[in-house]
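From first to last, the protein sequence lines stand for chains P and H. Under this note's numbering, think of the first position of the first sequence as 6, with each following residue one higher. Under this note's numbering, think of the first position of the second sequence as 41, with each following residue one higher. Don't be surprised by glycine CBs; every beta carbon is placed ideally from N, CA and C. First comes the structure, then the notes that go with it.
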Amino acid sequence: AQSVTQLGSHVSVSEGALVLLRCNYSSSVPPYLFWYVQYPNQGLQLLLKYTSAATLVKGINGFEAEFKKSETSFHLTKPSAHMSDAAEYFCAVSPITGNQFYFGTGTSLTVIP
Amino acid sequence: EAGVTQFPSHSVIEKGQTVTLRCDPISGHDNLYWYRRVMGKEIKFLLHFVKESKQDESGMPNNRFLAERTGGTYSTLKVQPAELEDSGVYFCASSQDLGQNTEAFFGQGTRLTVV
């Protein structure tokens, strides 16, 4: 069975501060893990994905995530928040890339000027 | 290249009415998915088409929901009759194939409100 838990439905950070969005997963098979972002009035956009290569994955817009099997985590980070990062972020797991996704409940990120 | 397009962007209907949502995937993408997000909850899988065939419809909530993909191009999702609990955002996604290096592309969603 696959599932994802995102801690914190709302996160606020100051502009320039570290962004940390938490994601823990449960998977009965080696997972593929994803972070998607949804900006207002837009579709879900892939930020980054882990597909069993390097455990530290770099994505678009300066985001990165580290796969930690021992902690079953895939937290998303960005060293310095920008106003344009305000959006909703979704963590997802899939047994096969491109196949069915299991999403978390999402985390809404607010960036304070 | 056009992305995944969904129509309408918003729909408000009364309980008992019928609504049809449409998804146009990226041209050439054989795989098409429907997902739904009920307010405050996770985005949940509804079904998966490979071309015109339903590969997996295990997430369809009940028989009030009917999805079609005639000709393997665009897809429709009909809700008949709509109930209050059907309200939410319906997302469509498409991918070219399955595998490690593929990517699923999502549409902007259709926000359905049943009153």
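Cα-Cα separation, residue i to residue j
i: Ser-113 of chain P; j: Ile-53 of chain H; result: 28 Å
i: Gly-128 of chain H; j: Gln-57 of chain H; result: 16 Å
i: Gln-46 of chain H; j: Val-9 of chain P; result: 26 Å
i: Leu-117 of chain H; j: Val-98 of chain P; result: 24 Å
i: Ser-19 of chain P; j: Thr-115 of chain P; result: 8 Å
i: Ala-63 of chain P; j: Thr-113 of chain H; result: It should be noted that the sequence gives Lys, not Ala, for residue 63 of chain P. Taking the straight line from one Cα to the other gives about 33 Å.
i: Leu-124 of chain H; j: Trp-40 of chain P; result: 30 Å
i: Arg-27 of chain P; j: Thr-77 of chain P; result: 11 Å
i: Leu-72 of chain H; j: Asp-137 of chain H; result: 10 Å
i: Leu-25 of chain P; j: Gly-99 of chain H; result: 31 Å
i: Met-88 of chain P; j: Gln-47 of chain P; result: 17 Å
i: Ala-107 of chain H; j: Thr-56 of chain P; result: 30 Å
i: Val-59 of chain H; j: Asn-102 of chain H; result: 15 Å
i: Pro-35 of chain H; j: Tyr-37 of chain P; result: Since the first residue of chain H shown is 41 and the last is 155, residue 35 of chain H is not available in this structure.
i: Tyr-94 of chain P; j: Ser-17 of chain P; result: 13 Å
i: Tyr-30 of chain P; j: Lys-83 of chain P; result: 20 Å
i: Thr-110 of chain H; j: Pro-118 of chain P; result: 49 Å
Residue closest to residue i, alpha-carbon to alpha-carbon, out of the options
i: Gly-68 of chain H; options: H:Val-59, H:Ser-115, H:Gly-128 and H:Lys-91; result: H:Lys-91
i: Arg-151 of chain H; options: H:Asp-126, H:Gly-112, H:Ser-51 and H:Gly-43; result: H:Ser-51
i: Pro-65 of chain H; options: H:Ser-49, H:Leu-106 and H:Val-44; result: H:Val-44
i: Phe-79 of chain P; options: P:Gln-11, P:Asn-46 and P:Val-34; result: P:Gln-11
i: Arg-62 of chain H; options: H:Gly-149, H:Val-154 and H:Asp-96; result: H:Gly-149
i: Ala-133 of chain H; options: P:Ser-57, P:Gly-109 and P:Leu-49; result: P:Leu-49
i: Arg-76 of chain H; options: H:Gly-111, H:Thr-110 and H:Phe-105; result: H:Phe-105
i: Pro-45 of chain P; options: H:Asp-126, H:Asp-70, H:Gly-147 and H:Trp-74; result: H:Gly-147
i: Val-34 of chain P; options: P:Leu-61, P:Gly-109 and P:Pro-100; result: P:Pro-100
i: Tyr-107 of chain P; options: H:Ser-93, H:Trp-74 and H:Gln-95; result: H:Trp-74
i: Gly-111 of chain P; options: H:Gln-95, H:Ser-93 and H:Val-78; result: H:Val-78
Residue i in three-state terms, based on DSSP
i: Ile-83 of chain H; result: strand
i: Ile-117 of chain P; result: strand
i: Thr-142 of chain H; result: coil
i: Leu-23 of chain P; result: coil
i: Lys-74 of chain P; result: helix
i: Asn-29 of chain P; result: strand
i: Ser-115 of chain H; result: strand
i: Asp-137 of chain H; result: coil
i: Gly-67 of chain P; result: helix
i: Thr-56 of chain P; result: coil
i: Ser-93 of chain H; result: strand
i: Glu-93 of chain P; result: strand
Expected contact under 8 Å - CB spacing of residue i and residue j to nearest Å
i: Ala-86 of chain P; j: Ala-22 of chain P; result: 5 Å
i: Phe-145 of chain H; j: Ile-83 of chain H; result: Their Cβ separation, rounded to whole angstroms, is 15 Å, which puts Phe-145 of chain H and Ile-83 of chain H out of contact at 8 Å.
i: Ala-91 of chain P; j: Gln-43 of chain P; result: The pair is not a contact, with the Cβ atoms about 11 Å apart (cut-off 8 Å).
i: Phe-174 of chain P; j: Leu-81 of chain P; result: No statement about residue 174 of chain P is possible, as the shown extent of chain P runs from 6 to 118 and does not include it.
i: Glu-143 of chain H; j: Leu-51 of chain P; result: 6 Å
i: Ala-7 of chain P; j: His-88 of chain H; result: According to the sequence as given, residue 7 of chain P is Gln; it is not Ala. Gln-7 of chain P to His-88 of chain H, Cβ: 15 Å. No contact.
i: Val-154 of chain H; j: Asp-126 of chain H; result: 5 Å
Exposure of residue i, with buried meaning 16 or more beta-carbon neighbours within 10 Å
i: Gly-80 of chain H; result: exposed
i: Gln-120 of chain H; result: exposed
i: His-15 of chain P; result: exposed
i: Ser-135 of chain H; result: buried
i: Gln-86 of chain H; result: Going by the sequence as given, residue 86 of chain H is Leu instead of Gln. Leu-86 of chain H should be labelled buried.
i: Lys-74 of chain P; result: exposed
i: Ser-115 of chain H; result: buried
i: Leu-53 of chain P; result: buried
i: Gly-13 of chain P; result: exposed
i: Ala-58 of chain P; result: exposed
i: Ala-122 of chain H; result: buried
Interface residues of chain C facing residue i [CB-CB closer than 9 Å]
i: Val-44 of chain H; result: Chain labels in this structure do not include chain C; the protein chains are P and H.
Residue i: CB within 7 Å of a non-hydrogen atom of the ligand PLP
i: Lys-54 of chain P; result: For the ligand PLP, the structure offers nothing, since it holds no ligand at all.
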